[in-house]
Every structure is written in C-alpha cells, then in structure tokens.
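Numbering follows the numbering used here, in which position 114 of the sequence shown is assigned residue number 96; successive positions increment by one, without gaps. Idealized CB from N, CA, C, for every residue including glycine. Bear in mind that the values here come from a model prediction, so they are computed numbers and not experimental data.
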Amino acid sequence: MIRVIVHAGFHKTGTSSLQLYFETHRRALGPWLSYYGKADFPLAGTLARTYAERPFAWRRRAFRHAFRQFLAPIPAAPMIVLSRETFAGVMPGHRNWLGRTVKGYAYSAVPICGEIRTELMRRFGPDTQVEFLLTTRERESWIRSVYGHLLRSIHLTEDYEAFRARLPATLDLQHEAAEIARQLSPVRVHVAALEDYGTCREGPAAALLDLAGVPLDLRNRLPPARRANSGQSPELMAAFLRMNREGHPKQDLKRRKDRMINERAS
C-alpha cells in the first residue's frame, strides 16, 4: 500500500526550514521516502494560491489539472511526502479579488486538499492512504511574523496594530486546523505546533520525520537543520514600512528591500 503525507501549511510555521531540511537530505532519506517540494510542482503551488485569492470553479479545475500533470511521471513508492504551504491557500492578511482581507484557511484548504486526495488516489489507486499534516504556531508570534512577511513582499502601509485589527480576534491556527480536520473527516489530519519542535536538531522537520517513521539512527547521522527565512528585525520592518509609505515603484522597492536583507545577512 502506498502512503502519502501532504504537508499543506500553514505559512510562517517553520515551513521554509522544514522544506530546506528535506531538500538538503533528499538523497539520504531516499530509502525511506520520496520527497517533493516547491520546486517540483511550481505551477500547482501557484494555482492553489490563486484559487484561494479568487475561489472560482474554473481556477479549482486549473489547480486539479496542474497537480495531475505533476503526478503523472512520478514513480510509485511506499512512502511519498509532499510539502507546500500554498496547499492551504493564501496567507491571511492578503486581500482577495474583492479587496477584502483573507481571514483564514479552511474555505480554501478543504477544497484544495480534497482535490489533492482525489488525484493521488486516481494516480496510485483507491487504496492509497492519504494523510495531511498542518503545522501551527502561537497566535501572537504568528501574526507578527505574517506582518513582517507582508511588509517585505507587498506594499503594506499599515502599522502593526492597524494590521492586527484587520484580522479576526478568533483567528488561531489550532482552530483553523481543527476546522479543516473536521471538514476533511474521515481523512487523517495531523497537527504539529512549531513550539513543540524548537529544541529538536531537525527543527520543524522533526514533525514530518516522526510522522513518516524515519528512524532516529539515520536522523542522528545527518547534520542538524539550518534555519531558513528567519524573518525581519524590528529595524528592517520599520524601514520597510517607511519605504512602502513613500510610494516607490514596485520593482524598485523590491530591489531595495532585497539588497537590505542581503546586507543584513552578510
């Protein structure tokens, strides 16, 4: 029987570090699992996000077609792992096609994950065991991380308190995960909190390694995880907010922000 674990989100919960670990150790983990990440299905990942921004039936069909194309050439394996946070949709705080704030994940994650499961069973057979993993994070830390990301990636001009006020007081990743699990039932949905893996040598990847049953002796022979996409310092966030408010052209703004990030990292 083929088992497939789909790490479908959420954004800003250590996903980049998790994916970097699996990409870095793809060959070493090969005897235990076949891993596919962002670079393996760029179109399907993008179309999942686009569907969440504009949830029309034809965009859902476009995602289905792209995901089917990705699956067609990949070989069957006893354990297959997929990881892409856009499989849950678009990051809350963005605005949808109507200009309204995206306030959660369940509305997009449930249909996207449903399509993923259907296509996996279509490709590998009706007995394929499809499971989902959702990684979460403490609410306040998560919202601040989302705010920093949006300051960098779009022309966000609100201060933190104004941005935070746009999100529902009830928005919590644990609750989102529980609602998605409820709607996908009886499909198995696993939930792992970022805080529970802070001391693990594999970092957030430990949650997925545990779920996949990768033995500890192999894991202990691999180098520890490197942190990826660690976010912006308060100084950078303040600078990005000021730059966004100054109204620079989009491409110029992106170049300036990228240069500042690279200078801080060097």
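In terms of Cβ geometry, residue -15 and residue 61 form a close pair [threshold 8 Å]. Annotated three-state conformation of residue 172 is strand, per DSSP. Proximity of the region 188 to 200 to the region -15 to -5 meets the contact definition, three or more beta-carbon pairs being nearer than 8 Å. In terms of Cβ geometry, residue 70 and residue 16 do not form a close pair [threshold 8 Å].
For residue 137, the CB contacts under 6 Å within the same chain, skipping 5 residues up- and downstream, are 226 in chain order. Within the region -11 to 56, the complete alpha helix (DSSP H) runs of at least 4 residues fall at -3 to 6, 8 to 11, 24 to 35, 39 to 53. By the beta-carbon neighbour count (other beta carbons within 10 angstroms, threshold 16), residue 134 is buried. For residue 113, the enclosing beta strand (DSSP E) covers residues 111 to 118. DSSP, read as helix, strand or coil, puts residue 98 in helix. In this structure, the straight-line span from the alpha carbon of residue 172 to that of residue 3 is close to 20 Å. Taken in chain order, the complete beta strand (DSSP E) segments of 3 or more residues contained in the region 167 to 236 are 170 to 175. Going by DSSP, residue 63 is part of the beta strand (DSSP E) stretching over 61 to 65. Taking a contact to require three or more Cβ pairs closer than 8 Å, the region 144 to 164 and the region 82 to 95 qualify as touching. Annotated as distal: residue 210 and residue 65, with beta-carbon spacing of 8 Å or more. Taking a C-beta distance under 8 Å as the contact criterion, residue 207 and residue 187 qualify as a contact pair. The closest CA to that of residue 132, considering only 146, 119, 121, is found on 146.
The beta carbon of residue 45 sits closer than 7 Å to those of 26, 29, 30, 33, 94, 97, all from its chain and outside the five residues before and after it, given in chain order. For the pair residue 128 and residue 74, the CB atoms are nearer than the 8 Å cut-off. A direct Cα-Cα distance of roughly 10 Å separates residue 151 from residue 121.
In the structure shown, the three-state DSSP call for residue 128 is helix. With contacts defined by Cβ atoms closer than 8 Å, residue 118 and residue -5 form a contacting pair.
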